[in-house]
Structures are given as C-alpha cells and as structure tokens.
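In the UniProt record's numbering, the protein residues as written are 1 to 259.
Glycine included, each C-beta is placed from N, C-alpha and C at the ideal position.
On a predicted model such as this, the values are computed, not experimentally measured, just so you know.
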C-alpha cells in the first residue's frame, strides 16, 4: 500500500486519477494549451499562513520537514484546478498535474537527497501558479522561514517557455519528481536539462517504473535519454513498496558548458 503521510492518497493502486477526454473533430485542430510563464513572488501573507493550518511532519535523519495537509486549501482553488479537485482528479493534461498532493516519489527523493547529497544552492521550482500560492510557498515558509525571500524562486508555466526566462543560468543540481509519467513531455524536459545543468552537475529524477494507463516510466525515459546522447544515466534507488519506484541519476557524458 502506498505511503501517503495522511494526504489524500492518489488511488488504491498508487496511480494518478486521470481525466481522459475524447476530442471531437473540431478539437483535433486545437493547438495544445500552453500555460504562460510567470514568476510567483513570496508575499507577506504567505509567511504565517502555515501557523493556523494542519501539517504533517516528515522526520528525516538530520531534519524534520513540514507539509500542509493540502485538502484544507482546495476550497481556495479557482477555475480548472478547482474543477480537477472537485472531481477528485490528479491529472488533467496541460492544466493540472497533481501539485496539490505530496506523492511517494517526492518522499523518496527528499530522503535520498538528505542522506546522499550536500546541497547548498538557491532553489527553483516550476509549478502551477495556484499550487505555488496555496501550498508550495507556505510549505517553504513553514520550514525555512524568512530565508525564503533570499534563497528561493518559484516559477509557474509550461516547460517549453522556461528556457527563454532562465537565459544562461546553469545549475549544480536539478531535482525532479513524478515528471516523466507521459512520454510526450520527455523532449521538453531533456532540453531543459541540456540547457540548465552545469558541466559537472547532477540530475535526480524520481518516478515510478511504469505509469499504468498514462504511458511513461523510468525505462522509457532512460531509452529517450540514451537516444538523445547528452547524458549517461543510472538507477541509484529502487523500492517495491506499493508501486515500484526509482530514482535515476543523470550526468553529462562530456563536460562542455550548458548547451
């Protein structure tokens, strides 16, 4: 049974609940909806919202991490995200991708990073604007307080627009969780990796071995990475508790600058 920290569990089998839409003839001609890029700034009202809300604690070896129980915030959602929450959906393609929940792979990644890496870098997170406002930024304040203003940036929007705004910035570490459930996103994700990782940098991808009913998984992603040829990959963590999950480590094959 999936480990859920008292959050709304994704489903009895640990798989996301997905909205499957069958397009009409007119809809076949519609271009994929792309969420606009936006940087969401931490604000004063974010600082103390966590103090009056129920939280769950992840007890790691050397630290404790607090999470808001996200169901409390769903009443504040609007538009497409509210519809997804009302219908108990975890995934609406190009609209909502499960950001109100803490998924098992994210816990795996947090535990692996805490035990295996020493990261002292500014953090950059890409999510839905409403998810950042209601959950991610309050969670950051719950754990590091006013350091959020100095150490963190929060970015919302489609991955395909991210590179235009990151310019020439490259990073020592890129951490991503539950982002390879659909093979349709692989090329955009790998393109970001290629443009954003420093020559000796490290990428960790936490994901399920296979996303049943959605189409992606770690083996399929590894094949795409191998075909691209920029990175070498290896499995650094595996668990078969519930649905099998893994963490992949990616490094550049050559130490050229960001390309």
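Take the Cβ of residue i as the centre, count every other Cβ of all protein chains shown within 10 Å, and call the residue buried at 16 or more, exposed below.
| i | result |
| --- | --- |
| residue 216 | buried |
| residue 117 | exposed |
| residue 138 | buried |
| residue 36 | exposed |
| residue 243 | buried |
| residue 27 | At residue 27, the pLDDT of 36 sits below 50, so the modelled position is not reliable and the matter cannot be decided from this model. |
| residue 147 | exposed |
| residue 24 | Caution applies to residue 24, whose pLDDT of 39 falls short of 50 and renders its modelled position unreliable; the value that the coordinates give is listed next. By the 10 Å Cβ count, residue 24 comes out exposed. |
In chain order, what residues of the same chain lie with their CB nearer than 7 angstroms to the CB of residue i, ignoring the 5 residues before and after it?
| i | result |
| --- | --- |
| residue 197 | 170, 171, 174, 203, 252, 258 |
| residue 200 | 255 |
| residue 149 | 42 |
| residue 129 | 38, 40, 156 |
| residue 165 | 37 |
Is it true that the CB of residue j sits closer than 8 angstroms to the CB of residue i?
| i | j | result |
| --- | --- | --- |
| residue 47 | residue 141 | yes |
| residue 219 | residue 230 | no |
| residue 233 | residue 248 | yes |
| residue 192 | residue 186 | no |
| residue 195 | residue 161 | no |
| residue 108 | residue 237 | yes |
| residue 235 | residue 246 | yes |
| residue 214 | residue 132 | no |
| residue 45 | residue 157 | no |
| residue 135 | residue 190 | no |
From what residue to what residue does the beta strand (DSSP E) around residue i run?
| i | result |
| --- | --- |
| residue 206 | 197 to 208 |
| residue 246 | 245 to 252 |
I'd like the list of long-range same chain contacts for residue i, defined as Cβ closer than 8 angstroms, with 5 residues on each side in sequence excluded.
| i | result |
| --- | --- |
| residue 106 | 177, 178, 206 |
Can you check DSSP and say which residues form a bridge with residue i?
| i | result |
| --- | --- |
| residue 238 | 246 |
| residue 38 | 156 |
| residue 171 | 197 |
| residue 176 | 205 |
| residue 233 | 250 |
What are the start and end residues of the alpha helix (DSSP H) that includes residue i?
| i | result |
| --- | --- |
| residue 108 | 104 to 116 |
| residue 48 | That residue, residue 48, is in no alpha helix (DSSP H); it is neither H nor E in DSSP. |
| residue 226 | 218 to 228 |
| residue 212 | Residue 212 -> no alpha helix (DSSP H), and no H or E assigned at all. |
| residue 148 | 147 to 151 |
| residue 140 | 137 to 144 |
CB-CB under 6 angstroms to residue i, same chain, minus the five flanking residues each way: which ones, in chain order?
| i | result |
| --- | --- |
| residue 250 | 203, 231, 233 |
| residue 211 | 181, 217 |
| residue 188 | 159, 160 |
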